[in-house]
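Here is the structure we will look at, set down as structure tokens.
Numbering (the numbering used here), first residue to last: 624 to 1495.
Next up, the structure:
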């Protein structure tokens, strides 16, 4: 009964206060109305967002619901002024307010642009605005990590202006927050800027709470209602109306939609009961101990202060625990002196599968792989170093409670807590996916991506080891150079996919013909190399050669057609034919050409008389010398297109040789000869000058394109490359940032110091640097971090069929993610179909190049078909 009576008393007090305020307003407003002779409106139109739960939203029948609907209804009841509350698309609501079709606008953030035209109320709600992103993304922590992503945002939202002011321009507008959440569910958008209250409401409504994560708030905004700046009388009327709504009535409306806080009600009851007892004690004290009243009053005051301090401490600890348990990383807190574990967060329990296991039963040993160097002893070494005041960061092989292993990144730091005690703060992040991607890239650096056989780099290492072992044991080593006969015919008639199937089938058959200790490698195209270790004599090599011929003889059915493959083999022997990898390769290659001239599908051992290739190379080399003197070279250009907007933003310069007798000679034929002879250097200088001159002409005509020029390893190694680039720029007048130099991966693994120095000097000129054919040779994050490059070009062997080949799709996606994590642009070459374009665009690739946009063409044709007719 006392509780009911108390509530009745509070309600009576609220009604009395409301009446008094209303009377005061009437008295105050009467002279103002007479003085200004402006009668209050009979009705007003208020526009607002219709999709901001729980403040305002539509129910299943399309009717507006929420806190603001109830508040404006109560305002109308108090003032007698009809309110037409219109819930609209937010951009439309702003448009109507700006057009004078509404009297007031609600749920509006205060910005500099809006302050010029609107007068704002005091804020009535503070809202956090974080970035929401898919849980399978990592590294998104603040606005600087958003570059490279397209950010979803509601059309007209204040977040759009906030992001643009900080350099984030790639923003995709949506009509509502619900449309953004739906787009994230469909993976149309992976990253979005949404006010936190509606985002959480819609995430739980649509079951997305375990799919999406969010950052710390980018900023906090405040809700206001506002009127046009030239209508102060309306602002006065609205404020008076809201003053007629008591705080208790506001609280009742908010509790209806936000829910009741059990702690607040319990604390209120406690305070009411405590107040009664304190009043009773004071009453008795006043009657019996009047002389001690002042002393008891001080005691009561101190008691109240202590209670408030305890409540604030409990609230602070609650906030800490909430944040502690909801961060994305696992957190361990240890004693600094003993290393004993004191506290872990919920993410740690989830990551390690610890469930409700008490903290005192968790130790670093059970969280480690248990195998050196990832055991309990090594973990204690890291902990002691951190306890000594040396921050530690390292990768660690961790173990879950069920025994499964995974990779984490560990950061340790000594921290002083508020109690004055030192603690070890250990933050752990799951990097298993990143490790897997790095392992895959490291594998790619040493293996052919199609057949997964060793590539040239690993082959050379294997040959060097085999020679060293053979020298110690007095054995021989056979190097067999294999070339598929008529492979080009298969590619041209059945397509590249059929050619790839044939290569993988041949690789599988070759594996069946050799021992596990032998090596099979693919150099590229249709060329394979087999290294036979520790052979006694040539007879054993002949047996293997015959076995290989029999193995590849049976036909394979590809796309309904039987394809028969044969091999031409050249064999060089250690020590008879050479003592190093390069010599054996050259002689085995010469023997292979002799086998082809002997009718194909056979093998030949190297003999000194095999010089036909040398003669042919000499003729080609002489022709190249004359081509430079007679001006037989010509530049062709292939467009490079932005995937974001479809515009042509660059061109790659490609050299062609118009031979007076043979016509156009394939670059694949003359470029290797030019590199072997050193002619690639003057040829490269010619290409560089011509490409800069053409780019400058196009820019003078209003076409700002980036010109990409390939550099060979010989050009890069020479000491005057910087001078040649500077002279080409100065002669042509081309801006340095419009020139892009493409470097091969093989260049990057040479003399690191010299390469780093040259890339720094070229970067100082202002030109852009890119890595060409990335993924085919020595793909590694290690050298990308060290060298000042701006862009990666993914090799066409991965790009061409990403829409059908899951392995190539995974590799391409990994390269894009890795490049963006290093702030590099990505261009994909070999784009031939629109399905590949959609895949690349979906995964954030920046640029594309390929036959879909245009084959290499002359400058005149490029101007006519590309520059005068934009590619969509």
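The beta carbon of each residue, even a glycine, is placed where N, CA and C say it ideally should be.
Beta-bridge analysis with DSSP links residue 1262 to 1274.
Burial check for residue 833: the Cβ neighbour count within 10 Å stays below 16, so the residue is exposed. Scanning its chain for C-beta atoms nearer than 8 Å, with the 5 sequence neighbours on each side dropped, one finds around residue 1282 the residues 1246, 1250, 1255 and 1288, in chain order. Contact between residue 777 and residue 803 holds, with the beta-carbon distance rounding to 7 Å and staying under 8 Å.
With respect to the 8 Å criterion, residue 1071 and residue 1110 are not classified as neighbours on the basis of their beta carbons. By the C-beta criterion, the region 1379-1393 is judged to be in contact with the region 1345-1363, since at least 3 inter-stretch pairs fall below 8 Å. DSSP, reduced to helix, strand and coil, places residue 1122 within a helical segment of the structure shown.
For residue 1465, the uninterrupted alpha helix (DSSP H) run begins and ends at 1457-1465, by DSSP. In the same chain as residue 1136, and ignoring 5 residues on each side of it, the C-beta atoms closer than 7 Å to its own belong to 1167, 1170, 1171 and 1174, in chain order. Put simply, of 912, 791 and 1120 the residue whose alpha carbon is nearest the alpha carbon of residue 771 is 791. When the Cα atoms are used, residue 835 and residue 1074 turn out to be separated by approximately 38 Å. In this structure the region 1265-1272 does not lie against the region 1296-1306, because fewer than three pairs of beta carbons, one per stretch, are closer than 8 Å. Within the same chain, Cβ atoms closer than 6 Å to the Cβ of residue 821 are found at 675, 676 and 800, the five residues on either side in sequence being excluded. DSSP lists 709 and 728 as the bridge partner or partners of residue 670. Around the beta-carbon of residue 1458, fewer than 16 other beta-carbon atoms lie within 10 Å, marking it exposed. Under the DSSP assignment, residue 795 falls outside any alpha helix (DSSP H), being part of the beta strand (DSSP E) whose first and last residues are 794-797. The C-beta distance from residue 1370 to residue 1397 rounds to 12 Å, too long to meet the 8 Å contact threshold. If only uninterrupted beta strand (DSSP E) runs of at least 3 residues are considered, those enclosed by the region 1127-1206 are 1142-1147, 1150-1158, 1179-1181, 1184-1186 and 1190-1197.
Between the region 967-975 and the region 994-1013 there are fewer than three C-beta pairs closer than 8 Å, too few to call the two in contact. Look at residue 1438 here: in three-state DSSP terms it is helix.
Closest in C-alpha terms to residue 702, from the list 818, 861, 769 and 762, comes 861. Between residue 755 and residue 815, the C-beta gap is smaller than 8 Å, which places the two residues in contact. Among the bridge pairs identified by DSSP, residue 816 is matched with 754.
Here DSSP, grouped into helix, strand and coil, assigns residue 747 to coil.
When DSSP reads this structure, residue 850 sits in a beta bridge with 727 and 742. A straight-line Cα-Cα distance of about 5 Å links residue 1224 and residue 1190.
Its chain contains 1448 and 1449 as the residues whose beta carbon lies nearer than 6 Å to that of residue 1469, once the 5 sequence neighbours on both sides are disregarded; these appear in chain order.
With a beta-carbon spacing of about 7 Å, residue 1100 and residue 1155 fall inside the 8 Å limit used to define contacts.
In this structure, residue 1461 lies away from residue 1423, with their beta-carbon atoms at least 8 Å apart. Shown here for residue 1314: same chain residues with a beta carbon closer than 7 Å to its own, the five before and five after excluded, namely 1258, 1276, 1330 and 1332 in chain order.
For residue 1286, there is no enclosing alpha helix (DSSP H); the enclosing beta strand (DSSP E) has its first and last residue at 1286-1288.
In terms of Cβ geometry, residue 1442 and residue 1471 do not form a close pair [threshold 8 Å]. Using a Cβ distance threshold of 8 Å, residue 693 and residue 876 count as a contacting pair. By the criterion of a C-beta distance shorter than 8 Å, residue 1272 is surrounded in its chain by 1263, 1264, 1265, 1328, 1329 and 1470, once the five residues flanking it on both sides are discounted.
Here the region 1204-1214 does not lie against the region 1123-1132, with fewer than 3 beta-carbon pairs under 8 Å apart. The straight-line gap separating the alpha-carbon atoms of residue 986 and residue 869 is approximately 56 Å.
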